[in-house]
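Under this note's numbering, the letters of the sequence shown match residues 658 to 1071, in that order. Read through the structure below, which is laid out as structure tokens, and then see the notes.
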Amino acid sequence: MKKSCGQQTEISEVFVVEQADVVIIGAGAAGLFCAAQAGQLGLNVLLVDNGKKPGRKILMSGGGRCNFTNMYADHTAYLSHNPHFCKSALARYTQWDFIELVSRHGVAYHEKTLGQLFCDNSAEDMVNLLVKECEQGNVDLRMRNEVLSVESNEQGFMIKLSAGNIQAKSLVIASGGLSMPGLGATPFGYKIAEQFGINVLPTRAGLVPVTLHKPLLEVLQTLSGVAVPVSVTAENGTNFKESLLFTHRGLSGPAILQISSYWQPGESITVNLLPNLDLDAFLNEERAEHPNQSLKNTLARHLPKRLVESLQTLNKVPDVTLKQLSAPQQQQLADTLQQWQIQPNGTEGYRTAEVTLGGVDTKALSSKTMESVQVPGLYFIGEVVDVTGWLGGYNFQWAWSSAWACAQALAKTE
């Protein structure tokens, strides 16, 4: 029979400790969903967060419309030191399961591109859905509560909060990564892992714009706001075919955000500015019909004119007519436009990164339950774990899947 989360047990005359089956730290996507599922399975759940309102990162995701999952989500779209770890959770709670939940709540949504599903109206619809699910599970949601310390004991865990102390049988860390500190991101989850002797792999910003060295940046930043469809390849061979956006700091857009997760400092990326064009055939045809046309105007049929002009400034496009373009120059042009080697000097970092790569070592967790192998009752879910998805709803799906797997395990321990 379900007890009230607020039940109190006197430890001494000095202070009172509340009891809960589960304390979940972090009211983001993973924490909210895990709390809702565990609560609906009959557990007394306390969900704690130091922010003013739940789902802060959800609210600003997807341009304010929340790209809540992807129709093509599977384990191949995730980075991890153990690429097999995410398979179990993703297979047991799929994108179709979450889509069914969204439909059941009457939240209107649409596919944008590449299987990406967005709310029609606002990301608030997704936060409201999760809060309603928590209400159905009688979850005790407490915002503006700072976790002062966590200690293990014979009964489970003692969590000291700024507003009191909680004794819980199980503890779930859903505090996210380091990305977007402006939304409250902290290394809290990693510190808890380290406190209990759990390995934390090095972290870095993922799905993040890259910055450029000054000589190149000075030319390209004049293109700020210009977007082009490209194919981008990392040195390890990973390739993404989406749009690239020039910014005043460097490069962004879906293609760059995707490749940033595979880029390492010091490496170059290869940009194909004309991925859908047989450039050689195109130039030969144009030369036959318009021999006196400038190369710049010819290329401007497939690339923004400002970009072509910038490439001329960089001496990558010769200032000639088509009949003046020699065979060696044409070959060099093809190499330049379709295999443009760019070496970023870094990324914009956690401030603008959508996710954090690395984190709690999956070797220390059960892939079926998300429970620590060495600390019974301690679970890690969502972004704090070393599982990072592609851009396009994949990270939300990992949040839902890992949270669901954790909730099922929590219910079985009671």
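Every residue, glycine too, gets a C-beta built ideally from N, C-alpha and C.
Could you spell out the range, first to last residue, of the beta strand (DSSP E) harbouring residue i?
i: residue 799; result: 797-799
i: residue 815; result: 813-818
i: residue 888; result: 884-890
i: residue 927; result: 926-929
According to DSSP, is residue i helix, strand or coil?
i: residue 987; result: helix
i: residue 905; result: coil
i: residue 919; result: coil
i: residue 1051; result: helix
i: residue 676; result: strand
i: residue 899; result: strand
i: residue 855; result: coil
i: residue 1029; result: strand
i: residue 692; result: helix
i: residue 952; result: helix
i: residue 664; result: Since pLDDT at residue 664 reaches only 49, below the 50 mark, its modelled position is unreliable, and the value read off the structure follows with that caveat. Of the three classes helix, strand and coil, the one that applies to residue 664 here is coil, per DSSP.
i: residue 825; result: strand
i: residue 861; result: strand
i: residue 941; result: helix
i: residue 1022; result: strand
i: residue 831; result: coil
Out of the options, state which residue places its alpha-carbon closest to the alpha-carbon of residue i.
i: residue 850; options: 1029, 1048 and 928; result: 1029
i: residue 1024; options: 789, 991 and 737; result: 737
i: residue 876; options: 906, 862, 741 and 780; result: 906
i: residue 933; options: 734, 991, 1046 and 728; result: 991
i: residue 1059; options: 1069, 1042, 1048 and 1050; result: 1042
i: residue 918; options: 809, 790, 1007 and 766; result: 1007
i: residue 1055; options: 865, 1035, 1012 and 1031; result: 1012
i: residue 979; options: 967, 944, 968 and 985; result: 944
i: residue 887; options: 872, 874, 908 and 893; result: 908
i: residue 704; options: 774, 739 and 800; result: 800
i: residue 770; options: 731, 835, 727 and 754; result: 727
i: residue 986; options: 910, 936, 701 and 891; result: 936
i: residue 1036; options: 673, 846 and 953; result: 846
i: residue 892; options: 1000, 698, 687 and 1048; result: 1000
i: residue 696; options: 673, 983, 679 and 687; result: 679
i: residue 965; options: 883, 914, 1069 and 699; result: 883
i: residue 796; options: 709, 691, 827 and 838; result: 691
For residue i, report the span of its alpha helix (DSSP H) as first-last.
i: residue 803; result: That residue, residue 803, is in no alpha helix (DSSP H); it is neither H nor E in DSSP.
i: residue 1041; result: Taken as a continuous stretch (DSSP letters only), residue 1041 belongs to no alpha helix (DSSP H), as it is neither H nor E.
i: residue 776; result: Element bounds for residue 776: not the alpha helix (DSSP H) but the beta strand (DSSP E), 773-776.
i: residue 872; result: 871-877
i: residue 852; result: 845-852
i: residue 731; result: Careful: residue 731 lies outside any alpha helix (DSSP H) and carries neither H nor E.
i: residue 935; result: From DSSP, residue 935 is part of no alpha helix (DSSP H); its letter is neither H nor E.
Can a CB atom of chain C be found closer than 8 Å to the CB of residue i?
i: residue 801; result: Reference to chain C is not applicable here, since this structure consists of a single protein chain.
For this session: Within the segment 694-728, note down every full beta strand (DSSP E) run reaching 3 residues or more, in order along the chain.
Result: Segments of the beta strand (DSSP E) lying fully in the segment 694-728: 702-705 and 724-727.
Problem set entry | Those runs of the alpha helix (DSSP H) which lie wholly inside the segment 966-1018 and span at least 4 residues | Every alpha helix (DSSP H) of 4 residues or more that sits fully in the segment 966-1018 is shown, in chain order, as 984-995.
Exercise. Should the segment 819-831 be called in touch with the segment 961-980, which here means at least 3 C-beta pairs below 8 Å?
Worked result: Judged by Cβ distances under 8 Å, the segment 819-831 makes no contact with the segment 961-980, as fewer than three pairs qualify.
Problem set entry | Contact the segment 1059-1070 vs the segment 732-750: 3+ CB pairs below 8 Å | Contact between the segment 1059-1070 and the segment 732-750 is present, with at least three C-beta pairs closer than 8 Å.
Problem set entry | Whole beta strand (DSSP E) elements within the segment 735-791, 3-residue minimum | The segment 735-791 contains these whole beta strand (DSSP E) runs: 766-768 and 773-776.
For this session: Could you say if the segment 716-734 and the segment 807-818 meet the contact criterion of at least three C-beta pairs nearer than 8 Å?
Result: No, because fewer than three Cβ pairs between the segment 716-734 and the segment 807-818 fall closer than 8 Å, the two stretches do not touch.
Problem set entry | Three or more C-beta pairs below 8 Å linking the segment 785-792 and the segment 993-1010 | Under the Cβ criterion (8 Å, minimum of three pairs), the segment 785-792 does not count as touching the segment 993-1010.
For this session: For the segment 675-683 and the segment 777-786, state whether three or more C-beta atom pairs, one from each stretch, are separated by less than 8 Å.
Result: Segments in contact, no.
Problem set entry | the segment 854-869 touching the segment 1014-1021, judged by at least three CB pairs closer than 8 Å | At 8 Å Cβ cutoff, the stretches touch.
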